[in-house]
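Numbering (the numbering used here), first residue to last: 1254 to 1619.
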């Protein structure tokens, strides 16, 4: 525990950990003070994300950037999965689908773009392993095709259309999970040499692996609890400010839910470890598309008031497709500069402005 306590004492940002018990107490004492809970939840997630950053870097030092990025993406997406399950249990399928599509677009455009921008401002040109980026881009492209299929069938005049849609969604969900499992086998077992990161001779001191893993587990649980309080309060705030559930899920929930991953990815980019940044951004997006989304479809039969389909509104599928194609084009060279990152952020800003000014209407909630 000594390295952890020393880190907290020496890092002013981690002093904000006092907001973690504060938001838990406030949630018990004043559950209807949604503005207060919203502010406290955001202030609590920030230091938890920083703590997760230190622990993940310690694990990555032992396992390599590829596995470290995969681990961080998994823990970050676990938080988003818990948030989505909460909305799923309440039957808020529009919010669930918006958070899924928003998380994919946020990771591919905003997180990756910010990493390229931050790293590019410090280093003239950065390089990264193209093999990992190509794998994740291919997985995302396949997932986007899977999202297009239910939307195409929805336009047909079929008898028992609802039953057909749910059967198709379950079948696609199983295929996506199988494809993701094979992707892990390919990248971590049979062809792992293709995804090896460049060596870094920084010689930094890291936490013991046992402390790092324990911290990862505890902090992930705390982030999940605080994020659940956040999403409950932000929905009430959305009603107050006139924001649609699509905007809340697509932009706000996805940004806050990925806060932990942002800290780690941005830190890696500043240290010229772009392999890890790309692995976190695209790996997280592919996990959401190929594991989180289909898992939620299957879980809806257990915890939801009714089954949820994989039919997204056309605008969401279009944004996911644009983000996937853009990421594939941007990462094909294995080199980047700051302006490329700025372009990705501008595309994300266009999407956010569109959803805020012209919120989609008539969205499917099944």
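By construction, the Cβ of each residue, glycine as well, lies at the ideal position given by its N, Cα and C atoms.
Is residue 1526 helix, strand or coil by DSSP?
Here residue 1526 sits in coil by DSSP.
Please report the distance separating the alpha-carbon of residue 1293 from that of residue 1487.
Cα to Cα, the separation comes out at about 12 Å.
Give the single residue among 1300, 1484 and 1608 whose Cα lies nearest to the Cα of residue 1289.
Of the listed residues, the one whose Cα sits closest to residue 1289 is 1484.
Keeping to the same chain, check which residues put their C-beta closer than 6 Å to that of residue 1272; ignore five residues upstream and five downstream.
The answer, listed in chain order, is 1293, 1296 and 1297.
Tell me whether residue 1503 is buried or exposed, calling it buried when 16 or more other Cβ atoms sit within 10 Å of its Cβ.
Buried: at least 16 other Cβ atoms inside 10 Å.
Which residues does DSSP list as the beta-bridge partners of residue 1589?
In DSSP, residue 1589 forms a bridge with 1379.
Out of 1555, 1516, 1569 and 1594, which has the shortest C-alpha to C-alpha gap to residue 1308?
Measuring from the Cα of residue 1308, the nearest candidate turns out to be 1516.
Within 10 Å of its beta-carbon, does residue 1526 have 16 or more other beta-carbons around it, so buried, or fewer, so exposed?
Buried: at least 16 other Cβ atoms inside 10 Å.
Let me know if residue 1287 comes out buried or exposed under the rule of 16 or more other beta-carbons within 10 Å of its beta-carbon.
Buried is the call here.
Any contact between the region 1566 to 1576 and the region 1369 to 1386? By contact I mean 3 or more CB pairs, one from each, below 8 Å.
In short, these stretches do not touch, since the Cβ pair count stays below three.
Quick check: is the beta carbon of residue 1300 nearer than 9 Å to any beta carbon in chain C?
Of the protein chains in this structure there is only one, and it is not chain C.
What separation, rounded to the nearest whole angstrom, lies between the Cα atoms of residue 1269 and residue 1478?
Rounded to the nearest angstrom, the two C-alpha atoms are 17 Å apart.
Do the CB positions of residue 1368 and residue 1536 come within less than 9 Å of each other?
Going by C-beta atoms, residue 1368 is not nearer than 9 Å to residue 1536.
Classify residue 1565 as helix, strand or coil using the three-state DSSP reduction.
In the structure shown, residue 1565 sits in coil (DSSP, three-state: anything other than H, G, I, E or B).
Could you give the distance in angstroms between the alpha-carbon of residue 1454 and the alpha-carbon of residue 1305?
Per-residue confidence for residue 1454 stands at a pLDDT of 47, beneath the threshold of 50, marking its modelled position as unreliable; the derived number appears in the next sentence. So the alpha carbons of these two residues sit roughly 23 Å apart.
Using alpha carbons as the reference points, say which of 1385, 1342, 1606 and 1366 lies closest to residue 1499.
Cα-wise, what sits closest to residue 1499 is 1606.
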